[in-house]
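Here's the structure, in structure tokens; my notes come after.
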Amino acid sequence: MTQTILHDDPSGRAGNCLQATVASLLDLPLDEVPHFAEHDDWLQRLFDFCHSHGYALEFQRVTKYCAYGMAWGPSPRGVRHAVCWADGRMSHDPHPSRAGLLQVTELIALVPHTTP
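Each residue of the sequence shown is one higher than the last, beginning at 693 in the working numbering.
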């Protein structure tokens, strides 16, 4: 999945790297995933959305191995960015450049859950 709104969108909208990352991780069409960054309570919306699709989110130390989830950090474009993470490395960058992150500052694992 490639993000469709970049950080410097002329309309002033927030970039949708998080939306595209979550769509990629959950194998959903982009339009079925909320544009979380457009809301002040984006983190709660992210938690709730992932939970409704069978996953809990677990913040992890950057030094800890993260099997499946998302990584955050500064992009080469100088903005905070989200990418897909699998098996301890970036597996997909939703930005059209696919340039990744300059460094990983946060890891959030998607952990399957069995409770509704």
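Note that beta-carbon positions come from the ideal geometry of N, C-alpha and C, so glycine has one too. On a predicted model such as this, the values are computed, not experimentally measured, just so you know.
Task: Helix, strand or coil at Gln-752 [DSSP, three-state] - done: The count along the sequence shown starts at 1 and reaches residue 752 at position 60. Residue state, collapsed to three classes: strand.
- [ ] Give the DSSP-derived three-state secondary structure of Arg-737 in the structure shown.
- [x] Translated into positions along the sequence shown, residue 737 becomes position 45. In the structure shown, Arg-737 sits in a helix (DSSP, three-state: H, G or I).
- [ ] Determine the contact status of Pro-768 and Ala-791, defining contact as a CB-CB distance below 8 Å.
- [x] As a first step, residue 768 must be located in the sequence shown, where it is residue number 76. As a first step, residue 791 must be located in the sequence shown, where it is residue number 99. In this structure, Ala-791 lies closer than 8 Å to Pro-768 by Cβ.
- [ ] Using a threshold of 8 Å, state whether the C-beta atoms of Thr-797 and Trp-764 are closer than that.
- [x] Mapped onto the sequence shown, residue 797 falls at position 105. Mapped onto the sequence shown, residue 764 falls at position 72. In contact: Thr-797 and Trp-764 (Cβ atoms closer than 8 Å).
- [ ] Find the nearest neighbour of Asp-719 within the set Ser-703, His-784 and Pro-788, judged by alpha-carbon distance.
- [x] What you label residue 719 is simply residue 27 of the sequence shown in a count that begins at 1. Comparing Cα positions, the closest option is His-784.
- [ ] Ignore the nearest five residues each way along the sequence and tell me which others in Lys-756's own chain have a CB closer than 8 Å to its CB.
- [x] Here residue 756 is taken as the residue at index 64 of the sequence shown, counted from 1. Same-chain partners within the cutoff: Leu-799.
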